[in-house]
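Presented below is the structure to which this report refers.
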Amino acid sequence: MSVLVTGSAIRGLPVVTIAGGEDVAEVRDVIYSPEAGRVVGLTLNKRGFLAGRRREVLSAETIRAIGRDAVMIDDESSLILAESSPADLGTPPSGRDVTGDEVLTEGGASLGQVRDIVVLVGSNGAVVGYEIDTATGGIGYIPVPSQLAVSGSALVVPDTTRQFIEDDLAGLGAAVDESRSKLGLP
Amino acid sequence: MSERFAAASGRTVISRTSAEELGKLAHIVIDVKRGQVASLVVGKGRKALLIAWEQVTGFGPDAVMIADETALQEPRDDREQAAADGKLDLLGKRALSDTGNDLGTVTDVVFDPDTGVIESIMLGDRGEPAASLLGAGSFAVIVREPAN
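Shown next as structure tokens:
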């Protein structure tokens, strides 16, 4: 079954080299591209108490896996200076944070506001849904539709999304598995 | 017969030439790429010395025999120093899968005392084959995500 985590749960995870078994950094923040519908990379902190920001970032392409307990990379050469990384990672445009965005159906009904992204565990940053503050109060989880319009303040989802609001990550994980099997995906 | 790291820890290391005790086995260091014991650490703290596996003439149930004292080496670089300090010891180390999931703690390592070849990594009562071992460092031991 697909295991999912929220973006905020990724913050603070150690970044560990597979061959070296060393913790070379920890996750400072998750850089998400709403247009691409995926995590494009991670900014990093040094390891240790009160350690500061690292100048290097990690591109999703060199992430082997984002897990429940660590982010895995091959080796330290995967860390690249923010200046020399692609613009969407090194200097992400402002106003792209989806947190707080209104989730509107095509029919014009609000499902709530985005609290966080939901990432597929074991992937290198696939985003399968959003955690939302639902219009009725409480927290819900919605799958990311294949195509969605997104602006700086709202995102538009299909009307049917309303039927797929799940109460927890396990429910969304099961829904993701089901929709994938319907599409014949592994 | 297989041997285990936990059982071997603390075993007396003896010179075959002088029959003198040179110290106690403190740590075992492995070479992940070769899937094999690389060296032994004898003694603790600043007196810790390393013995390359090739210098071990007999890894027995009651003592570890080495040719003579000249086989004992002081750590020569950062990695060897880390080994001498016990930072690379697998026992008690956190195990992570290559997909970033916690697999618990390494409780033991099974190896062949004749060849030094690693046979399996014990995570509690579960054993992972040596081929699943991907990396080992001071922070964690990396094991291929078990299929289940």
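Keeping their order, the protein sequence lines are chains P and B. Note that the numbering used here has the first sequence beginning at 1, numbered continuously upward. Note that the numbering used here has the second sequence beginning at 1001, numbered continuously upward. Beta carbons: idealized from backbone N, C-alpha and C, even for Gly.
Between the beta-carbon of residue i and the beta-carbon of residue j, is there less than 8 Å?
i, j, result
"residue 74/P", "residue 19/P", "yes"
"residue 15/P", "residue 71/P", "yes"
"residue 1105/B", "residue 1094/B", "yes"
"residue 190/P", "residue 1139/B", "For residue 190/P there is no data in the structure shown, the boundaries of chain P being 1 and 186."
"residue 1038/B", "residue 1030/B", "yes"
"residue 1096/B", "residue 1028/B", "no"
"residue 951/B", "residue 1088/B", "With chain B covering only 1001 through 1148, there is no way to say anything about residue 951/B."
"residue 55/P", "residue 28/P", "no"
"residue 57/P", "residue 80/P", "yes"
"residue 1237/B", "residue 1026/B", "Here chain B covers residues 1001 to 1148 and nothing more, so residue 1237/B does not appear."
"residue 1053/B", "residue 1010/B", "no"
Could you name the residues of the same chain whose beta carbon sits closer than 7 Å to that of residue i, not counting the 5 residues immediately before and after it, in chain order?
i, result
"residue 177/P", "1 and 2"
"residue 1003/B", "1059, 1111 and 1113"
"residue 1103/B", "1095, 1096, 1097, 1123 and 1143"
"residue 1069/B", "1015 and 1022"
"residue 1145/B", "1097, 1098, 1099 and 1101"
"residue 1080/B", "1050"
Report all residues from its chain with a CB closer than 6 Å to the CB of residue i; omit the five preceding and five following residues, and keep chain order.
i, result
"residue 7/P", "30, 116 and 117"
"residue 1058/B", "1065"
"residue 5/P", "119 and 121"
"residue 1063/B", "1012 and 1014"
"residue 1127/B", "1120"
What in chain P is Cβ-close to residue i, meaning under 7 Å?
i, result
"residue 1096/B", "16, 69 and 70"
"residue 1100/B", "65, 66, 67, 68, 69, 70, 71 and 72"
Cutting at 8 Å between CB atoms, please list the residues of its own chain near residue i, excluding the five before and the five after it.
i, result
"residue 111/P", "103, 104, 105, 132, 134, 135, 140, 142, 157, 161, 162 and 165"
"residue 1055/B", "1066, 1067 and 1071"
"residue 150/P", "34, 35, 98, 101 and 156"
"residue 1032/B", "1133, 1134, 1135 and 1136"
"residue 61/P", "124"
"residue 108/P", "none"
Counting only Cβ pairs nearer than 8 Å, list the residues of chain P close to residue i.
i, result
"residue 1107/B", "Per Cβ cutoff of 8 Å: no residues; residue 1107/B is ~17 Å from chain P at best."
So which residues on chain B does residue i lean against when the C-beta distance must stay under 9 Å?
i, result
"residue 21/P", "1032, 1088, 1093, 1096, 1134, 1135, 1136, 1137, 1138, 1139, 1140, 1141 and 1142"
Give me the chain P residues within the contact set of residue i, using Cβ-Cβ distance strictly less than 9 Å, ordered along the chain.
i, result
"residue 1062/B", "Near residue 1062/B there are no residues of chain P at all, since even the closest Cβ is about 32 Å away, more than 9 Å."
Which residue from the options puts its Cα closest to that of residue i?
i, options, result
"residue 66/P", "52/P, 79/P, 42/P and 50/P", "42/P"
"residue 1120/B", "1045/B, 1075/B, 1036/B and 1049/B", "1036/B"
"residue 1023/B", "1096/B, 1138/B and 1049/B", "1049/B"
"residue 83/P", "98/P, 59/P, 155/P and 108/P", "59/P"
"residue 35/P", "182/P, 55/P and 126/P", "126/P"
"residue 1041/B", "1145/B, 1134/B and 1082/B", "1082/B"
"residue 1099/B", "37/P, 124/P, 173/P and 49/P", "124/P"
"residue 48/P", "169/P, 13/P, 39/P and 77/P", "13/P"
"residue 39/P", "137/P, 88/P, 180/P and 50/P", "88/P"
"residue 77/P", "181/P, 169/P, 50/P and 63/P", "63/P"
"residue 44/P", "90/P, 179/P, 68/P and 182/P", "90/P"
"residue 1074/B", "1053/B, 1061/B, 1086/B and 1047/B", "1047/B"
Applying a beta-carbon distance threshold of less than 7 Å, which residues of chain B neighbour residue i?
i, result
"residue 122/P", "1099"
Counting only runs of 3+ residues fully inside the segment 99-162 of chain P, write out the beta strand (DSSP E) ranges in chain order.
102-105, 110-120, 127-134, 139-143 and 154-157
Which residue spans inside the segment 13-88 of chain P form an unbroken alpha helix (DSSP H) run of at least 4?
none
Please specify which runs of the beta strand (DSSP E), each continuous and at least 3 residues long, are wholly inside the segment 1083-1118 of chain B, giving them in chain order.
1094-1097, 1102-1105 and 1108-1111
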